[in-house]
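Undergrad: Sending over a structure as structure tokens; questions will come in a sec.
Number of protein chains: 2
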Amino acid sequence: MTPGSDGAAASRRGRSSPVGTSVEKAMRILEALAVEDGPHRLMDVAERAGVPRSTAYRVLATLGAQGFAQNCGDGRYGIGSRLGGLGARVVRMLSTGVGPTLQELQRGAGGNTVHLAVRVGDHAVYLHKVDNDKPYEMRSRVGNQLPLHSTAIGKAILAHLPPGEVEAIVTTAGMASRTPATITEVGALHAELADVRERGFALDDEENELTVRCIGAVVLDRSGRPRGGISVSSVTFMLDREELLGYVPLLQATARKVAGLI
Amino acid sequence: MTPGSDGAAASRRGRSSPVGTSVEKAMRILEALAVEDGPHRLMDVAERAGVPRSTAYRVLATLGAQGFAQNCGDGRYGIGSRLGGLGARVVRMLSTGVGPTLQELQRGAGGNTVHLAVRVGDHAVYLHKVDNDKPYEMRSRVGNQLPLHSTAIGKAILAHLPPGEVEAIVTTAGMASRTPATITEVGALHAELADVRERGFALDDEENELTVRCIGAVVLDRSGRPRGGISVSSVTFMLDREELLGYVPLLQATARKVAGLI
DNA sequence: ACTCGGGTTTCGTGTAGCGGAACGCGGTAT
DNA sequence: ATACCGCGTTCCGCTACACGAAACCCGAGT
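First to last, the sequence lines map onto chains Z and R.
In terms of UniProt numbering, the first sequence has 168 at position 168, counting the first letter as 1, and numbering is strictly consecutive.
In terms of UniProt numbering, the second sequence has 160 at position 160, counting the first letter as 1, and numbering is strictly consecutive.
Here it is, written out as structure tokens:
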């Protein structure tokens, strides 16, 4: 088997938490540390990462000794600065890779704001942003988390996940009502996701933020799993729905291009 | 032993490459993938990470299956998008943590540009930047790499590393001559680093970039090792050396504060 | 004083990580 | 054409290291 391919192997012994190798555990623990700001209790990290407490402790000791994690003195844990250096490099490299492609999209889509986000656990995280050429700008920032059930990128991702995983995500992350238009019922969400799959793009019409309308398309990795998505956004009073939908073909073409660059 | 403490243990079996646990190997491999842009050959990654080829292969297979690394089809490897999501979160979290403190420094230091960088291998990487309030700005960007021997932050870091490690760094990274003032002799560097230690800060007077002058102070982790540094920068024709040096006490105080936030 | 939550430590088990060596394939020199 | 070489990939036997249940310990709440 070649590296980077699926490798659905692993997880044989798994009693309650089917996490495979120790490297995988470590990465999941780092992701668990990065979901929200404050220092985290060992127990929460362990649970979120799906590993037993003592394992989380051992891995955190290793990561801490290397500067990738940090024991905040009291028993709490946070991310370490060495991970910051790595993260800054990674974001910069990926951004420079996709930057030109997304700028083309921005220009071709009326100069409106373009976002690339990738899935991290039960959220998506902005990885790159191309600001619009308008006098105002969106308040989004690289590194911001966004919900999956109420955003165009999020719904595009969910639409390409197996239904069981969608279920798991809404169970743990909930379906917070962000605006009156937010989908807050699991049934309605599944119906919407079927629509998204059929149309090949997702529409967020003030579901996540009042006065903001977005179209989003999924970005798949080479094994067909959804890694993230891209979107074009505008404020509702500047761009009507029809005009925004006119950019869908370009959005989809760009999403396919981005998939090759991730 | 408590996690996050030194833990100089590890590396007993070590034949040629004294790298300990598999988690540590994985993190070093990720760092090796992030040093420069293009896809990397397996061999280069293995060498840079200090692990045998077959080990690098196996770890990359694991990381690739999880989306943290990527096999670019031909035998080359790059970073995966899942690492990008993690990295974006991490940078954002660390930035929001230190942002206010560094903004205070910027205001207290005449509104000049402030940087926070952390060490990654034999370079430093910008993790946060507070732009100046002048009509022009520095071209630096978060995620940029900077050499250690020719920058204020870099010299502040080197000054707090054991001499052997300094030797190793200049051996592998070299001492490129960036301007006529760049220190390019190992002996001169060691002398300069002794100065830096004694004064408690580093000065880069057009050593890395013509017309740019910086003061830098080291940021130590809780076990006393240098994790990175902060700096105040200005163009030479706007700020003479004396005035810049006047900001040293505030710089040092801020560095100590940042050490607690990393 | 008793309990409880949760971080830390211990420990015996066996497995997954390890890395040297062999393989195969494409490119290059002869 | 053939030999060579560099390098990604695969194999394989050994054992160090990961594993996780359970014990331990400390501080807070009652």
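Beta carbons: idealized from backbone N, C-alpha and C, even for Gly.
Remember, predicted model here, so these are calculated numbers, not experimental data.
Within 10 angstroms of its Cβ, does Z:E242 collect 16 or more other Cβ (buried), or is it exposed?
TA: For the purposes of this step, residue 242 of chain Z is taken as the residue at position 242 of the first sequence. Classification for Z:E242: exposed.
Undergrad: Quick one: which chain Z residues come within Cβ less than 7 Å of R:G84?
TA: Here residue 84 of chain R is taken as the residue at index 84 of the second sequence, counted from 1. By Cβ distance, chain Z contributes V90, V91, L94, V118 and L127.
Undergrad: On the criterion of 16 or more Cβ atoms from any shown chain inside 10 Å, does Z:D204 qualify as buried, or is it exposed?
TA: As a working mapping, residue 204 of chain Z is identified with position 204 in the first sequence. Buried, because 16 or more other Cβ atoms sit within 10 Å of the Cβ of Z:D204.
Undergrad: Is it right to say R:G14 is buried, meaning 16 or more other beta carbons lie within 10 angstroms of its own, or is it exposed?
TA: Numbered from its first residue, the second sequence carries residue 14 of chain R at position 14. Confidence is the limiting factor: at R:G14 the pLDDT is only 28, short of 50, which leaves the residue's position unreliable, though a coordinate-based value still follows. Exposed: under 16 other Cβ atoms inside 10 Å.
Undergrad: Should Z:G67 and R:D221 be called a contact, given that it needs their Cβ atoms to be closer than 8 Å?
TA: On the first sequence, residue 67 of chain Z is found 67 positions in, with the first residue counted as 1. On the second sequence, residue 221 of chain R is found 221 positions in, with the first residue counted as 1. Yes, Cβ-Cβ distance for Z:G67 and R:D221 is below 8 Å.
Undergrad: Rounded to the nearest angstrom, what separates R:D240 and R:A191 at their Cα positions?
TA: Position 240 of the second sequence holds residue 240 of chain R. Position 191 of the second sequence holds residue 191 of chain R. If I take the Cα positions, the gap works out to 24 Å.
Undergrad: Determine the chain R residues that contact Z:A34 at a beta-carbon separation under 7 Å, and present them in chain order.
TA: For the purposes of this step, residue 34 of chain Z is identified with residue 34 of the first sequence, where counting begins at 1. Using a Cβ-Cβ cut-off of 7 Å, Z:A34 is close to L86, R89, V90 and M93 of chain R, given in chain order.
Undergrad: Of all the options R:T96, R:G246 and R:G73, which has the alpha carbon lying nearest to the alpha carbon of Z:G84?
TA: Taking the first residue of the first sequence as position 1, residue 84 of chain Z is located at position 84. Nearest option by C-alpha distance: R:T96.
Undergrad: Can Z:S233 and Z:H128 be called in contact, C-beta distance under 8 Å?
TA: In the first sequence, the residue the question calls residue 233 of chain Z occupies position 233. In the first sequence, the residue the question calls residue 128 of chain Z occupies position 128. Cβ distance not < 8 Å, so Z:S233 and Z:H128 don't count as in contact.
Undergrad: Residues of chain R with CB under 8 Å from Z:I79, in chain order?
TA: What you label residue 79 of chain Z is simply residue 79 of the first sequence in a count that begins at 1. Near Z:I79 (Cβ distances below 8 Å), the residues of chain R are V90, M93 and L94.
Undergrad: Using a C-beta cutoff of 8 Å, does R:Q106 count as contacting chain Z?
TA: For the purposes of this step, residue 106 of chain R is taken as the residue at position 106 of the second sequence. No, R:Q106 does not count as interfacial toward chain Z.
Undergrad: Chain R partners of Z:A26, CB-CB under 7 Å?
TA: Along the first sequence, read from residue 1 onward, the residue named residue 26 of chain Z stands at position 26. Simply V23 and A26.
Undergrad: From the DSSP secondary-structure annotation, give me the bridge partner or partners of R:V235.
TA: Counting from 1 along the second sequence, the entry for residue 235 of chain R is found at position 235. Per DSSP, R:V212.
Undergrad: Which runs of the alpha helix (DSSP H) at least 4 residues long sit entirely within the stretch 154-214 of chain R? Give them in chain order.
TA: 163-173 and 186-199
Undergrad: Measuring CA to CA, which of Z:P52, Z:D44 and Z:L250 is closest to Z:A109?
TA: Residue 109 of chain Z sits at position 109 when you count from the first residue of the first sequence. Checked all of Z:P52, Z:D44 and Z:L250; the closest Cα to Z:A109 is Z:L250.
Undergrad: Are the beta-carbon atoms belonging to R:L86 and Z:A34 less than 8 Å from one another?
TA: Along the second sequence, one-based indexing puts residue 86 of chain R at 86. Along the first sequence, one-based indexing puts residue 34 of chain Z at 34. Closer than 8 Å, so yes.
Undergrad: Give me the Cβ distance between Z:L193 and Z:I215, rounded to the nearest whole Å; I'm assuming they're in contact under 8 Å.
TA: Translated into positions along the first sequence, residue 193 of chain Z becomes position 193. Translated into positions along the first sequence, residue 215 of chain Z becomes position 215. Not really, about 15 Å apart at Cβ, beyond 8 Å.
Undergrad: Ordered along the chain, which non-local residues of its own chain (more than five positions away) have a Cβ less than 7 Å from that of Z:S140?
TA: Position 140 of the first sequence, counted from the first residue, corresponds to residue 140 of chain Z. Excluding sequence neighbours, Z:S140 sits near H115, Y126 and K129.
Undergrad: So with CB distances below 7 Å, who are the chain Z contacts of R:F68?
TA: In the second sequence, residue 68 of chain R corresponds to position 68, counting from 1. Neighbours of R:F68 on chain Z, chain order: M27.
Undergrad: Does the pairing of the stretch 40-48 of chain Z with the stretch 54-64 of chain R give three or more beta-carbon distances under 8 Å?
TA: Remark: fewer than three beta-carbon pairs, one from each stretch, lie closer than 8 Å, so the stretch 40-48 of chain Z and the stretch 54-64 of chain R are not flagged as touching.
Undergrad: Tell me which residues share the same chain as Z:E104 and place their Cβ nearer than 8 Å to its Cβ, disregarding the 5 neighbours each side in the sequence.
TA: Here residue 104 of chain Z corresponds to residue number 104 of the first sequence, with the count starting at 1. Cβ neighbours of Z:E104 beyond the five flanking positions: T254.
Undergrad: Determine the extent of the beta strand (DSSP E) in which Z:T21 is found, giving its start and end residues.
TA: As a working note, residue 21 of chain Z is residue 21 in the first sequence. Where Z:T21 is concerned, there is no enclosing beta strand (DSSP E), given that its DSSP letter is neither H nor E.
Undergrad: Any Cβ of chain Z within less than 8 Å of the Cβ of R:G143?
TA: As a first step, residue 143 of chain R is located in the second sequence; it is residue number 143 there, counting from the start. With 8 Å as the cut-off, R:G143 counts as an interface residue toward chain Z.
Undergrad: Which two residues bound the contiguous alpha helix (DSSP H) that contains Z:A117?
TA: Looking up residue 117 of chain Z in the first sequence gives position 117. Where Z:A117 is concerned, there is no enclosing alpha helix (DSSP H), although the beta strand (DSSP E) it sits in stretches over T113 to V120.
Undergrad: Using C-beta distances below 8 Å, list every residue in its chain close to R:R197, excluding the 5 sequence neighbours before and after it, in chain order.
TA: In the second sequence, counting from the first residue as 1, residue 197 of chain R sits at position 197. A159 and H160, listed in sequence order.
Undergrad: Can you give me the C-alpha to C-alpha distance between R:Y136 and Z:A26, rounded to a whole angstrom?
TA: Here residue 136 of chain R corresponds to residue number 136 of the second sequence, with the count starting at 1. Here residue 26 of chain Z corresponds to residue number 26 of the first sequence, with the count starting at 1. If you take the alpha carbons of R:Y136 and Z:A26, they lie about 43 Å apart.
Undergrad: Compute the Euclidean distance between the alpha carbons of R:V212 and R:R41, then round it to the nearest angstrom.
TA: Reading the second sequence from its first residue, position 212 is the one you call residue 212 of chain R. Reading the second sequence from its first residue, position 41 is the one you call residue 41 of chain R. Roughly 36 Å between the two C-alpha positions.
Undergrad: Do we get a CB-CB distance below 8 Å when we pair Z:V218 with the residues of chain R?
TA: Taking the first sequence and counting its residues from 1, the one referred to as residue 218 of chain Z is at position 218. With 8 Å as the cut-off, Z:V218 does not count as an interface residue toward chain R.
Undergrad: Which partner residues does R:Q70 have in the DSSP bridge list?
TA: For the purposes of this step, residue 70 of chain R is identified with residue 70 of the second sequence, where counting begins at 1. Note: R:Q70 sits in a beta bridge opposite R:G78.
Undergrad: What in chain Z is Cβ-close to R:T62, meaning under 7 Å?
TA: Position 62 of the second sequence, counting from 1, holds the residue named residue 62 of chain R. The contacting residues are T21, V23 and E24.
Undergrad: For chain R, is any of its Cβ atoms less than 8 Å away from the one on Z:E31?
TA: Here residue 31 of chain Z refers to the residue found at position 31 of the first sequence. Judged by the 8 Å Cβ criterion, Z:E31 is in contact with chain R.
Undergrad: Quick check on DSSP: helix, strand or coil for Z:G99?
TA: As a working mapping, residue 99 of chain Z is identified with position 99 in the first sequence. Residue state, collapsed to three classes: helix.
Undergrad: Just checking my contact of R:V23 with Z:S22 at CB under 8 Å: how many whole Å lie between their CB atoms?
TA: Within the second sequence, residue 23 of chain R is the residue found at index 23, counting from 1. Within the first sequence, residue 22 of chain Z is the residue found at index 22, counting from 1. Right, the Cβ-Cβ distance comes to about 6 Å (below 8 Å), so this counts as a contact.
Undergrad: Ordered along the chain, which non-local residues of its own chain (more than five positions away) have a Cβ less than 6 Å from that of Z:Q106?
TA: The count along the first sequence starts at 1 and reaches residue 106 of chain Z at position 106. Contacts found: V114 and V130.
Undergrad: How many whole angstroms separate the CB atoms of Z:R119 and Z:G228, which I take to be in contact at a CB cut-off of 8 Å?
TA: Taking the first sequence and counting its residues from 1, the one referred to as residue 119 of chain Z is at position 119. Taking the first sequence and counting its residues from 1, the one referred to as residue 228 of chain Z is at position 228. Confirmed, Cβ separation roughly 6 Å.
Undergrad: Could one say the Cβ of Z:D240 lies closer than 8 Å to chain R's Cβ atoms, at least one of them?
TA: Residue numbering aside, residue 240 of chain Z sits at position 240 when the first sequence is read from its first letter. No - not a single Cβ of chain R is within 8 Å of the one on Z:D240.
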